[in-house]
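Below is one structure, written out as structure tokens, with a few remarks after it.
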Amino acid sequence: MAVRVQEGAFDAGAELNGFVQGRTDVGAVVSFTGIVRDTAGNLLEMQIEHYPGMTQSAIEKIVQEAQHRWDLSDALVIHRYGALKPGAPIMMVATAAAHRAAAFEAADFLMDYLKSRAPFWKKEVTGAGADWVAAKEADENALNRW
Amino acid sequence: MAVRVQEGAFDAGAELNGFVQGRTDVGAVVSFTGIVRDTAGNLLEMQIEHYPGMTQSAIEKIVQEAQHRWDLSDALVIHRYGALKPGAPIMMVATAAAHRAAAFEAADFLMDYLKSRAPFWKKEVTGAGADWVAAKEADENALNRW
Amino acid sequence: MNVMYFAWVRERIGIPQEAVETDAATVSDLVAELVAREDRYAAAFADISALRVALDQELSDFDAPLAGVREVAFFPPMTGG
Amino acid sequence: MNVMYFAWVRERIGIPQEAVETDAATVSDLVAELVAREDRYAAAFADISALRVALDQELSDFDAPLAGVREVAFFPPMTGG
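Chains as they are written, first to last, in the working numbering: chain A, 335 to 480; chain B, 335 to 480; chain C, 118 to 198; chain D, 118 to 198.
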């Protein structure tokens, strides 16, 4: 398991390739990459604030819960903070397992929990001003799936 | 949409990075990579046979069905045939969407259909002989999810 | 009509494809003709429920008519992904 | 006790953290003390249902006791991922 909280960019492809390199017990790898999306075509940047003392341990607990629920060979979470431009990668999750169901479900679970339980807050800065992204009820409800 | 059926290796990380490069309308990318798994520790190679005249069009139809069901920004499928060593990538699916649910569900759907409806057959060659991989009832039943 | 065999069906019959002259009305009729030919066909088609068929590169079934079909392929359930 | 504020809670109160001397028994009691201080606190805590609280870096709730707690953080629902 690896959890990295960082301001700098990461290379999702290199992370994916390095994730299970050389292993022959892994049959399935699922990755999720979250990217800064310019919904209205006027986004200048996405600012991501986090709670430094809590972030790493909160994510590690979420990953441990995923490892407890599914038979995973490995799991990786990278999440950035700071000011990010449209098209920039925000975060990444990767899961590895013998079979595809465990890899898919664990990645989906990790995303749902990171969305609503990891201490990050997004603020969109456009030409018209800056607004905190509101949490969606659908994201909170998604936790009931697990 | 891109569908590639090939004998040669592919670089999953480079494919992932190139997939939505430069786009600012994509918020979520999900990838699945299938890898030759050495279940019993004695696998020499996995031979993958396919039906050349049918493979490309069968996969394209599956991807079109996914695009019909979910609002995808793009989708990619790469599937190899020939003799592959343990740890080698067999195939890859990637989906891009504005939101994570569509990307996850479409990738999961594509995998279920590729597993049971794309004309590939796997044969495991071990020190003890060669055996065709039997289709699993669970894989056929997985199609009922959609 | 071109008849193709894949995976263990190909191995049991011993060839990947062959031209077949037939007036068979359906896939099942074609299978019956092939099974009557030689033991290797009988071995390959012993359990039809373990087989799939594609007509002109589209998945079909054993009741399907063969009129106008140019390519028939027999194979076990697919194991892609 | 160190009290921290994030996102728009931080912006309304105007500082990211502060040391608070308090005998408040629960989180709710602490909130009441802060709200009584100045309008900016009242503005930040106007709708408690829109807020979350962490005690010593673990998610908790507003009924939780503060005995032994060294760090309290207030913030809106998280929007990671």
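In this text, a Cβ means the ideal position worked out from N, Cα and C, and glycines have one as well.
> So, using beta-carbon positions, are Leu406 (chain B) and Thr429 (chain B) closer together than 9 Å?
Replying inline: yes
>> For Ile393 (chain B), count the other beta carbons within 10 Å of its own beta carbon; 16 or more makes it buried, fewer makes it exposed. Which is it?
In response: buried
>> Let me check one thing: in DSSP terms, what residues is Glu135 (chain D) bridge-paired to?
In response: D:Val120
>> Strictly below 7 Å CB to CB, what residues from chain D border Glu383 (chain A)?
In response: Within 7 Å Cβ-Cβ: Phe123, Ala124.
>> Run through the DSSP bridge pairs and tell me what Val170 (chain C) is partnered with.
In response: DSSP output for Val170 (chain C) lists C:Ser177, C:Phe191 as bridge partner(s).
> Does any residue of chain C bring its CB to less than 9 Å from the CB of Gly463 (chain B)?
Replying inline: no
>> Can you find the residues in the same chain that come closer than 6 Å, C-beta to C-beta, to Ser145 (chain C), ignoring five residues on each side of it along the sequence?
In response: Phe179
> List, in order along the chain, the chain B residues whose C-beta lies closer than 9 Å to that of Thr460 (chain A)?
Replying inline: Within 9 Å Cβ-Cβ: nothing; Thr460 (chain A) doesn't reach chain B, min ~13 Å.
> Assuming Pro420 (chain B) and Asp372 (chain B) make a contact with CB atoms under 8 Å, what is their CB distance in whole Å?
Replying inline: 4 Å
>> My assumption, with CB atoms under 8 Å, is that Val411 (chain A) sits in contact with Leu444 (chain A). Please give the rounded CB distance.
In response: 7 Å
> From which residue to which residue does the alpha helix (DSSP H) around Ile393 (chain A) run?
Replying inline: That run of the alpha helix (DSSP H) goes 386 to 403.
> Do we get a CB-CB distance below 9 Å when we pair Val467 (chain B) with the residues of chain C?
Replying inline: yes
>> Any C-beta of chain A within less than 8 Å: which residues of the segment 412 to 429 of chain B qualify?
In response: Pro420, Gly421
> CB-CB under 8 Å to Ile369 (chain A), same chain, minus the five flanking residues each way: which ones, in chain order?
Replying inline: Gly421, Ala422, Pro423, Ile424
>> Between Ala142 (chain D) and Leu183 (chain D), how many whole angstroms is the CB-CB distance? I'm expecting something under 8 Å.
In response: 7 Å
>> Any beta carbon from chain A within less than 9 Å of Leu350 (chain B)'s own beta carbon?
In response: Cβ-Cβ to chain A under 9 Å: yes for Leu350 (chain B).
> Three or more C-beta pairs closer than 8 Å, one from the segment 353 to 365 of chain B and one from the segment 445 to 459 of chain B: is that the case here?
Replying inline: no
>> Checking the sheet assignment: what are the DSSP bridge partners for Ile369 (chain A)?
In response: Its beta-bridge partners are A:Pro423.
> Exposed or buried, which one is Pro386 (chain A) when buried takes at least 16 other CB atoms within 10 Å?
Replying inline: exposed
> Using a C-beta to C-beta distance shorter than 8 Å, which residues of chain A count as neighbours of Phe192 (chain D)?
Replying inline: Tyr385, Pro453, Trp455
>> I'd like to confirm the pairing. Which residues does DSSP put opposite Arg338 (chain B) in its beta bridges?
In response: B:Ile412
> Mind checking if Ala450 (chain B) is an interface residue toward chain C, Cβ cutoff 9 Å exclusive?
Replying inline: A small correction: the amino acid at residue 450 (chain B) is Ser; Ala does not occupy that position in the sequence shown. Cβ-Cβ to chain C under 9 Å: yes for Ser450 (chain B).
> Residues of chain B with CB under 8 Å from Met445 (chain A), in chain order?
Replying inline: Residues of chain B with a Cβ closer than 8 Å to the Cβ of Met445 (chain A) are, in chain order, Arg434, Phe438.
> Which first and last residues belong to the alpha helix (DSSP H) in which Asp446 (chain B) is found?
Replying inline: 434 to 451
>> Spatial neighbours of Ala452 (chain B) within its chain, please: C-beta separation below 6 Å, excluding the five flanking residues on both sides.
In response: Ala392, Ile393
> Helix, strand or coil: how does DSSP classify Leu406 (chain B) here?
Replying inline: strand
> Can a CB atom of chain A be found closer than 9 Å to the CB of Gly131 (chain D)?
Replying inline: no
>> For the segment 358 to 376 of chain B, list every residue whose C-beta sits within 7 Å of some C-beta in chain A, in sequence order.
In response: Residues are counted here when their Cβ sits less than 7 Å from a Cβ of chain A; for the segment 358 to 376 of chain B these are Thr358, Asp359, Val360, Gly361, Ala362, Val363, Val364, Ser365, Phe366, Thr367, Gly368, Ile369, Arg371, Asp372, given in chain order.
> Shortest alpha-carbon distance to Met118 (chain D) belongs to which of D:Gly185, D:Gly198, D:Arg154?
Replying inline: D:Gly185
> How would you write the range of the alpha helix (DSSP H) that Gly347 (chain A) sits in, first residue to last?
Replying inline: 346 to 353
> Exposed or buried, what is Arg414 (chain A) when buried is set at 16 or more other beta-carbons lying within 10 Å of its beta-carbon?
Replying inline: buried
> Touching or not, the segment 340 to 349 of chain B and the segment 152 to 166 of chain D, by the rule of three or more beta carbon pairs under 8 Å?
Replying inline: no
> Helix, strand or coil: which one does DSSP assign to Asp164 (chain C)?
Replying inline: coil
> What residues in its chain sit with their C-beta under 8 Å from that of Ala432 (chain B), if we drop five residues either side in the sequence?
Replying inline: Asp359, Val360, Gly361, Ala362, Asp405, Ser407
> In angstroms, rounded to a whole number, what distance separates the CA positions of Ala440 (chain B) and Ala153 (chain D)?
Replying inline: 52 Å
>> Quick check on this structure: which residue in C:Leu147, C:Glu188, C:Glu150, C:Thr196 has the alpha carbon closest to the alpha carbon of Gln134 (chain C)?
In response: C:Glu188
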